[in-house]
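Going by the working numbering, 306 is the number at position 59 of the sequence shown; the sequence numbering is gapless. What follows is a set of notes on a single structure, which appears directly below.
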Amino acid sequence: MTKRLLQDQKERFESLKTPFYYYDTDLLAETLSAIKSETDKHEGWHLHYAVKACANPKVLRQIQQAGFGADCVSGGEIRTCLENGFPADEIVFAGVGKADWEIELALEAGIQYFNVESIPELEVIAEIASRMNKIANVSFRINPDVGAHTHSHITTGLAENKFGIAKEDMLHVIQVAKSLPSVRFVGLHFHIGSQILQMDDFEALCYRINELQDQLEAAGITEVHNINVGGGLGINYDNPDEAPIPDFKSYFETYAKHLKLRPGQRLHFELGRAVVGQCGSLITRCLYIKQAKEKQFVIVDAGMTELMRPALYGAKHHIQNLSVGQQTTDNGQETLFKYDIVGPICESSDTFARDFTLPETRRGDLLAIRSAGAYGETMASQYNCRELPKAYTTADM
Ligand code: LLP
248 MTKRLLQDQK ERFESLKTPF YYYDTDLLAE TLSAIKSETD KHEGWHLHYA VKACANPKVL
308 RQIQQAGFGA DCVSGGEIRT CLENGFPADE IVFAGVGKAD WEIELALEAG IQYFNVESIP
368 ELEVIAEIAS RMNKIANVSF RINPDVGAHT HSHITTGLAE NKFGIAKEDM LHVIQVAKSL
428 PSVRFVGLHF HIGSQILQMD DFEALCYRIN ELQDQLEAAG ITEVHNINVG GGLGINYDNP
488 DEAPIPDFKS YFETYAKHLK LRPGQRLHFE LGRAVVGQCG SLITRCLYIK QAKEKQFVIV
548 DAGMTELMRP ALYGAKHHIQ NLSVGQQTTD NGQETLFKYD IVGPICESSD TFARDFTLPE
608 TRRGDLLAIR SAGAYGETMA SQYNCRELPK AYTTADM
């Protein structure tokens with residue numbers, strides 16, 4: 248469906264300066280309602296969208312208007328969310344290194360709760376809250392020591408990762424919080440990693456949370472109002488048109504089936520990639536075809552500055568030539584060529600794909616680098632003094 252739409256937009260794309268991000272907001276609307284129809288089945292389930300995935304104002308507004316809250320990891324994200332209509336009490340704030348000004352900003356705005364990652368951080372929050380005459384709601388991010396089948400750079404729930412508080416220290420940190428008058432303990436937070444496609448990883452997290460909840464119950468701790476299981480659901484990068492909407496059903500059913508919530512407990516999710524990933528494409532133009540000794544290169548005008556994922560994680564994104572339809576030989580066979588698709592940045596890692604099959608591509612062709620809605624625009628840089636990419640949505644077409 249998106250493929251047809253993308254090609255339909257070609258005329259309009261032609262008139263825009265490349266490279267740019269394009270967000271299909273119809274697909275976003277469908278994705279949001281697919282999530283809602285799963286979470287609405289359950290009392291007390293709520294999604295805080297992980298803003299780090301895509302903070303484009305139009306995208307954020309649409310997500311907010313669909314009834315989602317926000318998961319922020321910086322003062323800048325909190326500000327952006329407030330500016331784009333998220334009520335402060337729908338915002339949660341995570342991150343291992345919250346600066347004092349960010350804590351002040353969050354307390355001033357009146358966010359829902361902090362996801363706290365260490366005792367030193369808890370003490371600073373308590374001190375700032377007390378100085379500001381406020382009570383800070385705190386939830387503890389517990390490192391569940393659960394592995395996930397994903398890229399090692401994006402696992403977060405192992406004991407060796409910098410994130411969260413060791414599960415063995417959970418009772419202690421809660422006792423410390425309860426002894427501090429300017430903080431209120433409200434729940435637990437977890438996140439095992441990103442781009443996870445195996446539901447048994449989430450199932451393992453459920454079992455770990457059940458175990459921890461049993462420990463809390465045995466210790467007489469009853470104020471665990473929220474269980475926040477983070478995000479992590481992956482998307483199909485190889486074939487975005489086959490799976491434009493991620494498998495939310497399996498994801499949410501895993502929690503419904505395996506997580507034992509206590510009466511009245513609220514369950515919070517923090518999905519990012521699965522919400523916006525398939526809605527975005529990076530539209531770029533072929534500058535040159537370069538025939539080298541062993542390879543043929545398609546040199547495009549987007550680089551790792553606009554989409555860093557391939558350079559940083561070796562991530563693979565599907566690439567589509569929007570300017571040419573299917574090309575066939577006289578005997579009806581499709582003519583395809585193998586190219587390395589590279590950007591203009593002075594780094595060898597500025598490569599979007601190696602030995603990638605495309606129809607014959609020429610200077611001036613428009614290419615779409617697909618599934619770039621998450622961790623694309625937000626991770627762009629100005630290396631080589633490049634401009635940050637512009638972005639358009641369906642409404643701009
Ligand atoms: N909650 C927490 C605490 C997180 O750290 C993250 C992502 C999320 C939620 C959202 O995870 P998601 O649903 O998007 O998987 N730049 C990398 C991904 C980094 C993810 C960081 N944390 C990439 O491009 O693959």
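All C-beta atoms in this analysis are idealised placements derived from N, C-alpha and C, irrespective of residue type, glycine included.
Compute the Euclidean distance between the alpha carbons of residue i and residue j, then round it to the nearest angstrom.
i: N295; j: G519; result: This sequence places His at residue 295; Asn is not what is there. So the two alpha carbons sit approximately 9 angstroms from each other.
i: T272; j: I366; result: 41 angstroms
i: V523; j: D494; result: 13 angstroms
i: A621; j: A346; result: 25 angstroms
i: G314; j: G478; result: 17 angstroms
i: F410; j: F584; result: 44 angstroms
i: A373; j: N483; result: 42 angstroms
i: L352; j: E517; result: 21 angstroms
i: G440; j: A424; result: 26 angstroms
i: E624; j: F333; result: 20 angstroms
i: C453; j: F361; result: 22 angstroms
i: D577; j: F449; result: 51 angstroms
i: A376; j: E349; result: 12 angstroms
i: R308; j: M644; result: 18 angstroms
i: K414; j: P487; result: 37 angstroms
i: I282; j: H396; result: 23 angstroms
i: Q543; j: I566; result: 16 angstroms
i: N331; j: N457; result: 36 angstroms
i: D485; j: P428; result: 51 angstroms
i: G579; j: G322; result: 57 angstroms
Is residue i close to the ligand COA? I mean its beta-carbon at under 8 angstroms from any heavy atom of the ligand.
i: R520; result: The ligand COA is absent from the structure shown, which contains only the ligand LLP.
Tell me the residue span of the beta strand (DSSP E) that contains residue i.
i: F387; result: A383 to N390
i: L514; result: R513 to F516
i: Y586; result: F584 to V589
i: C319; result: G316 to C319
i: T272; result: Run containing T272: none in the beta strand (DSSP E); it sits in the alpha helix (DSSP H), T272 to T286.
i: T625; result: Careful: T625 lies outside any beta strand (DSSP E) and carries neither H nor E.
i: V306; result: V306 -> not in any beta strand (DSSP E); alpha helix (DSSP H) instead, spanning P304 to Q312.
Which one of the options has the shortest CA to CA distance from residue i?
i: C593; options: Q629, G467 and E450; result: Q629
i: S618; options: A503, E324, M555 and K257; result: M555
i: D603; options: I310, E500, K563 and L352; result: Just to set this straight, residue 603 is Phe in the shown sequence, not Asp. Comparing Cα positions, the closest option is K563.
i: M417; options: R431, P491, H436 and R609; result: H436
i: E470; options: A335, Q512, G481 and R455; result: Q512
i: L605; options: C533, D643, S595 and E624; result: C533
i: N390; options: I412, Q462 and S280; result: I412
i: Y268; options: T641, L279, I530 and R609; result: I530
i: E324; options: Q309, N303, V343 and Q312; result: N303
i: M626; options: I310, L559, D548 and V430; result: L559
i: S426; options: H289, Q462 and V385; result: V385
i: L514; options: S280, K257 and T286; result: T286
i: G561; options: K542, S596, L329 and L463; result: S596
i: N408; options: E349, A376 and V343; result: V343
i: H419; options: G394, L369 and A451; result: L369
i: L279; options: Q462, P266 and Q311; result: Q311
Since residue i is in the alpha helix (DSSP H), which residue starts that stretch and which ends it?
i: N457; result: M446 to A465
i: Q422; result: M417 to S426
i: Y498; result: F495 to H505
i: A353; result: D347 to A356
i: Y560; result: R556 to Y560
i: V523; result: R520 to V523
i: L369; result: I366 to R378
i: C328; result: G322 to E330
Please state if the CB of residue j and the CB of residue i are separated by a distance shorter than 9 angstroms.
i: G590; j: T582; result: no
i: G527; j: C301; result: yes
i: Y270; j: A521; result: no
i: F260; j: L635; result: no
i: Q525; j: P491; result: yes
i: G445; j: R509; result: Checking the sequence, you will find Gln at residue 445 rather than Gly. Not closer than 9 angstroms, so no.
i: L506; j: I474; result: yes
i: G357; j: V339; result: no
i: A615; j: L253; result: yes
i: K257; j: S570; result: yes
i: F432; j: F387; result: yes
i: D336; j: Q359; result: yes
i: V430; j: I382; result: yes
i: Q574; j: E607; result: yes
i: H213; j: A503; result: A question about residue 213 goes unanswered here, because the residues of the chain that appear run from 248 up to 644.
i: M379; j: E355; result: yes
i: I536; j: R609; result: yes
i: A539; j: H438; result: no
i: T327; j: V298; result: yes
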